[in-house]
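Start counting the sequence shown at 1; every next residue gets the next number (full-length UniProt numbering).
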Amino acid sequence: MADSVEDQVKNTVSEDSEMCVEENTVEIPPTVDIDESIPQSTEIEMQASTSGDNVANRSPIKEKNSMIDDKADSIYQVKWISRNGCKSPIITQNENGPCPLIAITNVLIMKGRITVPSLVDFVTTENLMAYLGDCILESIPKNIPEGTQLNFEQNMHDAMAVLPKLQTGLDVNVKFTGISDFEYTPECIIFDLLRIPLYHGWLIDPQMLDVMTAVGKCSYNQLVEKIINSKCSTDTDKVTEALIAENFLEKDSLPTHLPWPL
């Protein structure tokens, strides 16, 4: 793993300190005319002042902070907690919003399948991607039939294509019939390969019989398509069901229903 941000800052400070010594060295001629001494002195002072301003503007700490700000979306802080008597890392978000990459990594850390170097303060997206890639490669089964092996390799290829999406969010198509019911999509492959169960909380209240009838066994995408088609129907019953289903989607589209790996 790359040096910590603190070590990099120290190294940069040392290098820039050497540069400052070289730039601030001014050679004064051995013989200076009295009449020209004052303007030369003023010129030297102005040059030194300008050099000092440049050094201040090029402060390695400011440059490093600027670099971190520019790459804020790819650097994550690590929080260390005590779990079962041992220090355990938690990868934290750098901003609010969905981030399956962090969620999956933290699950694998808790399962002992990912080891973060002791007391490291930051990790990058590249680090997390490498961790997940290693876990996927380690999940390859041994001594399986050739047909199964080819199928598994294709799943691995599809999962690798999904990895970049993990930093921003995944599109999953939930079904409203159970907490683990999803329509199978390429995005689900990575959870299967890593053996991480995925759940959601977007369910229908069994007491709402009209909603259960309107939604049926549709997935989210199927239900949206059904609503669009039924609202244009001349059958009043279909129109009523469409309005009930639409109301269900609009009123129950809460963040608490979003899928979560466990």
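Where is the CB? At the ideal position from N, CA and C, for every residue including glycine. Keep in mind it's a predicted model, so treat the numbers as computed, not measured.
| said: On the criterion of 16 or more Cβ atoms from any shown chain inside 10 Å, does T115 qualify as buried, or is it exposed? | reply: Exposed is the call here.
| message | Can you tell me whether K79 is helix, strand or coil according to DSSP? | response | Assigned with DSSP and collapsed to three states, K79 falls in strand.
| query | What's the gap between the Cα of N151 and the Cα of C232? | reply | Roughly 42 Å between the two C-alpha positions.
| task | Mind reading off the beta-carbon distance from T177 to K217? Whole number of angstroms is fine, and I expect it under 8 Å. | result | 6 Å between Cβ atoms; contact.
| query | Can you tell which of S82, D158, I104 has its C-alpha closest to the C-alpha of R195? | reply | Of the listed residues, the one whose Cα sits closest to R195 is I104.
| According to DSSP, residues forming a beta bridge with S219 | Beta-bridge partners assigned by DSSP to S219: K175.
| What residues are listed by DSSP as bridge partners for K111? | Note: K111 sits in no beta bridge, so no partner.
| request: Just the C-alpha distance for E138 and F182, rounded to the nearest angstrom, thanks. | output: Near 26 Å, if we compare the C-alpha coordinates of F182 and E138.
| said: By the DSSP assignment, the alpha helix (DSSP H) with V239 in it spans what residues? | reply: 236-251 is the extent of the alpha helix (DSSP H) around V239.
| field | Buried versus exposed call for A242 [16 or more other C-beta atoms within 10 Å across all chains shown] | value | With 16 or more Cβ atoms within 10 Å of its Cβ, A242 is classed as buried.
| said: Under 8 Å: do the region 76-85 and the region 145-160 share three or more Cβ pairs, one atom per stretch? | reply: Taking a cut-off of 8 Å for Cβ pairs, the region 76-85 and the region 145-160 do not touch, as fewer than three such pairs fall below it.
| message | Please classify N96 as buried or exposed, where buried requires at least 16 neighbouring CB atoms within 10 angstroms. | response | Flag for N96 reads exposed.
| said: Using a Cβ-Cβ distance cut-off of 9 Å, determine whether I190 contacts chain B. | reply: Among the chains in the structure shown there is no chain B, since it carries only a single protein chain.
| task | Name the residue from I140, V162, A130, K175 whose alpha carbon lies nearest to the alpha carbon of M212. | result | That would be K175, whose Cα lies nearest to the Cα of M212.
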